[in-house]
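Structure first, then comments.
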């Protein structure tokens, strides 16, 4: 019996980036929100100017710089920090967490633990022993077991404009899904449920690979037929990879899979898309990344997915070709040529 | 054959933690047996009605139950079944048919009465029958019998039968966290969850519990064991309750779970084999049965909801390590037959009372020893606990298990959540099994030999490999020794990282360790799984059996070092 009324305790959001801020604003419609920012200046700025990253801040939001306070005052916390910092954040948060806490994260990315001195580039094999999803990081680093994840086509800008959108909350626990739904749902934001949390998380990560490919096609000047081909075959490849990594097919067919994939492949402003676009224009990866200042998640994902596919003996042609383009100097044209000539017949063979 | 002398057991006998049997929770339970059965019945009915709120749903289930029960009586009758089984169920069937002719109100009433009788019948069947006098008697018989057998068979001299040179302690080594389990049993309710390889396990564990100074535990023993009269007597008197794996109907399963749940709540230390049935493949169980395990979690939550100082439930994983499992040949045959198909294992017991005595004689006349590893205590969420029973997180911080059941500041009942917790707990127990598992020399030689043969025939799948004629398989001793040493080193390394344990006899010169392994692996079987031939090379007489024994080390990724 899950109680229908949620208490009036504030909800925590960790990470005042674009997405974190937008989610905090959505949560603030229903409840008071404590928004954690690492940077003291950001906290002051939010609390005084009521603005962050060009988003107006809802009156129900208080920015804080104290993880202990968040853990102490909130039963439900939404970690929204980049995957590269996620484990470190969990390590600092963990001492304050108790088994009654519910954590629903919105981070799309893998956590990779490597032996000292190794990089994703140099390590010979990668498998699920060293590649973890964020929910697994939460489990490893804390006592929290009621974990959920938020995934779907959620471009911060559109959410901020209150355009219609949907998300998936995935968790093994009905309680977590219902709690998340109650907190997030509004007339412009639909929330779907899924029990396959790992599948949903993996779908959210793998779509970054296809986003780079979409950029590349666009850079070559191809149109909508090519994109249709890429999205459908990309989805199939995500499913192959996703199953090997422990996800279930269904997650990939839903909002967090196909939904997110279509959105990402159609948003030319995203970093992943840009990488693909400029590669197709003949630029070198190093130059592109130097320009961008921040790493595009998809580049890492391709390396991880390629090595995992090798280890689990999965045929992942698109990923494999992109890997060759990024790291072995193959041209985008040659990669595309290979894919178009590859003898494939079955359209769908996983259902 | 060289006699394998284990290091003399340093364990001193433990003092009982509760002096008088009347203080034991299991005794309290059986003293109030009638009331307890009634309580189980009432609560089970309540639960079933919550699960099947409409009468139509309930009668559907009852009809299915009758159908299955009548089928069971026809197809698979056991000696332990009550004499009036057939009459009872055809009576119920008649009443169910009659329901159609009754008014709404009468039918409701009649359904309730049918349910009540079925559940009460099941509850009475399940309930154990612990008796103080027969417990004392059974205990001393087991102790005396074992001791006489042990000395009589091992010292080949006239009159040896009455000497006390060997005690059970030399035969059965208890290692691991004995002090902790004793301390936890004083503070809360212990649920012991051992691996299950042999029918001997139940008796063995009974002795182990007694010898650690703990009060009797209640067991969920397979009803099939009660077919054998001698065992039935001991089981009854040791506090066993009966689990009938043929009955898969809703009322039965709910009654069984409620029995266990309430017994744990009343503080009766419990034991169940979470693997459900003996491991047919010889592998450490990977998939545990969640039914009984869930009762530990439910009981814990109920205890937190009850008034007064809440008692804690502690889970203690235990592994039993044998050189030889008597039933191995039949079990591995079963396993290979059904591998890949999810088929029901019929429980066939080829041993009657006489077979059992023969087995015991073999068991004691052989110097091959057994070790029982007691794992660290866990709370119902699988967190380690300290000796005071506090749950600890990964960093050693004390946390409150109660918080796992808290939602919005209060304890709530959420079955879906608890199902998930059960799954998590089962995974934790499996991990813990692998950690506390003790590698014997016999396990390692079996693993090395089998994997070497597999590697020499990389194209063959398991079944083709097993079909190879045994005469064609021969391993050069030196080659075997090199690989053995390499793997043993890996096991030493893993032990340092807390991933596994090994028996002291595995150490020392590798020739000696290999010899001990060969002498002991599957030693009671007609066809030995591994021996040396005249040339001193390694050969097998039964590859399937070897497969069974090597399976013990599957799941550690050791294959890569072959």
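Protein chains in written order, with my numbering: chain C, 1121 to 1471; chain L, 21 to 582. Just so it is clear, CB atoms sit at the ideal spot from N, CA and C, and this is done for glycine as well.
**Asked** Counting only runs that start and end within the segment 33-85 of chain L, where is the alpha helix (DSSP H) found for 4 or more residues in a row?
**Response** 45-51, 53-71
**Close-in-space but distant-in-sequence residues of the same chain around residue 1259(C) (CB under 8 Å, 5 per side omitted)** = Within the first chain, residue 1259(C) is the residue found at index 139, counting from 1. For residue 1259(C), where only same-chain residues beyond five positions count, the Cβ hits under 8 Å are 1265, 1267.
**Message:** Taking the alpha helix (DSSP H) that residue 212(L) belongs to, which residues open and close that run?
**Reply:** Working through the second chain from its first residue, we reach residue 212(L) at position 192. Here residue 212(L) belongs to no alpha helix (DSSP H); instead the beta strand (DSSP E) covers 209-214.
**Item:** With 16 other Cβ atoms within 10 Å as the buried cut-off, status of residue 434(L)
**Value:** What you label residue 434(L) is simply residue 414 of the second chain in a count that begins at 1. Its Cβ being crowded by 16 or more others within 10 Å, residue 434(L) is buried.
**Request:** Starting from residue 1211(C), trace the alpha helix (DSSP H) both ways and give me its first and last residue.
**Result:** Numbered from 1 along the first chain, position 91 holds the residue referred to as residue 1211(C). It spans 1203-1213 - the alpha helix (DSSP H) in which residue 1211(C) sits, taken as one unbroken run.
**Nearest neighbour of residue 1381(C), chosen from 1275(C), 1142(C), 1432(C) [CA to CA]** = On the first chain, position 261 is the one that residue 1381(C) refers to. It is 1275(C).
**Item:** Listed by chain order, chain L residues near residue 1356(C) by CB distance under 7 Å
**Value:** Translated into the one-based positions of the first chain, residue 1356(C) becomes position 236. Under the 7 Å cutoff, chain L gives no residues; its nearest Cβ is about 27 Å from residue 1356(C).
**Asked** Nearest to residue 356(L) by CA position, among 486(L), 200(L), 144(L), is which residue?
**Response** Translated into positions along the second chain, residue 356(L) becomes position 336. When each option's Cα is compared against that of residue 356(L), the closest is 486(L).
**Contiguous alpha helix (DSSP H) assignments of at least 4 residues, all confined to the segment 1158-1246 of chain C** = 1160-1169, 1187-1193, 1203-1213
**Prompt:** Using a Cβ-Cβ distance under 8 Å, would residue 1407(C) count as near chain L?
**Reply:** Numbered from 1 along the first chain, position 287 holds the residue referred to as residue 1407(C). Chain L, which has no Cβ nearer than 8 Å to the Cβ of residue 1407(C), makes this no.
**Request:** Give the range of the beta strand (DSSP E) segment to which residue 1385(C) is assigned.
**Result:** One-based indexing of the first chain puts residue 1385(C) at position 265. Note, residue 1385(C): premise wrong, no beta strand (DSSP E); alpha helix (DSSP H) at 1380-1385.
**Asked** Is the Cβ of residue 419(L) closer than 8 Å to any Cβ of chain C?
**Response** Within the second chain, numbered from 1, the residue matching residue 419(L) stands at position 399. Chain C contact via Cβ: present.
**Asked** Exposed or buried, what is residue 54(L) when buried is set at 16 or more other beta-carbons lying within 10 Å of its beta-carbon?
**Response** Here residue 54(L) is taken as the residue at index 34 of the second chain, counted from 1. Per the 10 Å Cβ criterion, exposed.
**Item:** Cβ-based contacts, 7 Å cut-off: residues of the segment 1414-1426 of chain C near chain L
**Value:** none
**Request:** Establish whether the CB of residue 1432(C) and some CB of chain L are separated by less than 8 Å.
**Result:** As a first step, residue 1432(C) must be located in the first chain, where it is residue number 312. With 8 Å as the cut-off, residue 1432(C) does not count as an interface residue toward chain L.
**Asked** Are any of the Cβ atoms in chain C nearer than 8 Å to that of residue 514(L)?
**Response** Locating residue 514(L) in the second chain gives position 494, counting from the first residue. No, no contact with chain C.
**Message:** Please confirm whether residue 46(L) has its beta-carbon closer than 8 Å to some beta-carbon of chain C.
**Reply:** Within the second chain, numbered from 1, the residue matching residue 46(L) stands at position 26. Not closer than 8 Å to any Cβ of chain C, the Cβ of residue 46(L) fails to qualify, so no.
**Residues that DSSP places opposite residue 1270(C) in a beta bridge** = Within the first chain, residue 1270(C) is the residue found at index 150, counting from 1. Looking at the DSSP assignment, residue 1270(C) forms a beta bridge with 1289(C).
**Asked** Since residue 1132(C) and residue 1197(C) are thought to touch, with beta carbons under 8 Å apart, how far apart are those beta carbons, to the nearest angstrom?
**Response** Stepping through the first chain from its first residue, residue 1132(C) is reached at position 12. Stepping through the first chain from its first residue, residue 1197(C) is reached at position 77. Their Cβ separation, rounded to whole angstroms, is 4 Å, which keeps residue 1132(C) and residue 1197(C) in contact under 8 Å.
**Asked** Hey, does residue 1312(C) have any beta-carbon neighbour from chain A nearer than 8 Å?
**Response** The structure shown contains no chain A; the protein chains it does contain are C and L.
**For residue 138(L) and residue 94(L), the rounded distance between their alpha carbons** = Taking the first residue of the second chain as position 1, residue 94(L) is located at position 74. Taking the first residue of the second chain as position 1, residue 138(L) is located at position 118. About 19 Å.
**Message:** I'd like to know whether the C-beta atoms of residue 504(L) and residue 530(L) end up nearer to each other than 8 Å.
**Reply:** If you number the second chain from 1, residue 504(L) lands on position 484. If you number the second chain from 1, residue 530(L) lands on position 510. Cβ atoms of residue 504(L) and residue 530(L): closer than 8 Å.
**Asked** From which residue to which residue does the alpha helix (DSSP H) around residue 240(L) run?
**Response** Within the second chain, the letter at position 220 stands for residue 240(L). First-last for residue 240(L): 238-242, but that is the beta strand (DSSP E), not the alpha helix (DSSP H).
**Prompt:** Taking Cβ positions, are residue 1416(C) and residue 1439(C) nearer each other than 8 Å?
**Reply:** On the first chain, residue 1416(C) is found 296 positions in, with the first residue counted as 1. On the first chain, residue 1439(C) is found 319 positions in, with the first residue counted as 1. The answer is no: Cβ separation not under 8 Å.
**Message:** For residue 564(L), which residues in the same chain have their Cβ closer than 6 Å to its Cβ, ignoring the five residues on either side in sequence?
**Reply:** The count along the second chain starts at 1 and reaches residue 564(L) at position 544. Excluding residues within five positions, the ones whose Cβ falls inside 6 Å are 352, 486.
**Prompt:** For residue 219(L), does the count of other Cβ atoms within 10 angstroms reach 16, so buried, or fall short, so exposed?
**Reply:** Looking up residue 219(L) in the second chain gives position 199. Residue 219(L) is buried by the Cβ-count criterion.
**Request:** Output the distance between the C-alpha atoms of residue 404(L) and residue 436(L), rounded to the nearest integer angstrom.
**Result:** The count along the second chain starts at 1 and reaches residue 404(L) at position 384. The count along the second chain starts at 1 and reaches residue 436(L) at position 416. Going by the C-alpha atoms only, they are around 24 Å apart.
**Asked** When the Cα of residue 1138(C) is compared with those of 1200(C), 1466(C), 1315(C), which residue comes out closest?
**Response** Taking the first residue of the first chain as position 1, residue 1138(C) is located at position 18. Among 1200(C), 1466(C), 1315(C), the Cα nearest to that of residue 1138(C) is on 1200(C).
**Prompt:** With a cut-off of 8 Å, does the C-beta of residue 1202(C) fall near any C-beta of chain L?
**Reply:** Against the first chain, residue 1202(C) aligns to sequence position 82. So, not an interface residue.
**Prompt:** Can the beta-carbon of residue 308(L) be found closer than 8 Å to that of residue 215(L)?
**Reply:** Along the second chain, one-based indexing puts residue 308(L) at 288. Along the second chain, one-based indexing puts residue 215(L) at 195. No, they are not a contact pair.
**Message:** According to DSSP, is residue 271(L) part of a helix, a strand, or is it coil?
**Reply:** By one-based count along the second chain, residue 271(L) stands at place 251. Of the three classes helix, strand and coil, the one that applies to residue 271(L) here is helix, per DSSP.
**Asked** Under a three-way DSSP split, which group does residue 1310(C) fall into?
**Response** Taking the first residue of the first chain as position 1, residue 1310(C) is located at position 190. The answer is strand: DSSP assigns residue 1310(C) an E or B state.
**Item:** Interface positions of the segment 1165-1197 of chain C facing chain L (Cβ-Cβ less than 9 Å), listed along the chain
**Value:** 1195
**Prompt:** Based on the DSSP output, what are the partners of residue 405(L) in its beta bridges?
**Reply:** By one-based count along the second chain, residue 405(L) stands at place 385. Paired residues: 411(L).
**Asked** Does DSSP put residue 337(L) in a helix, a strand or coil?
**Response** Working through the second chain from its first residue, we reach residue 337(L) at position 317. Reduced to three states, the DSSP call for residue 337(L) is strand.
**Cβ distance (whole Å) where residue 1346(C) is taken to contact residue 1271(C) below 8 Å** = As a position in the first chain, residue 1346(C) is number 226, starting the count at 1. As a position in the first chain, residue 1271(C) is number 151, starting the count at 1. The Cβ separation is near 26 Å, so there is no contact.
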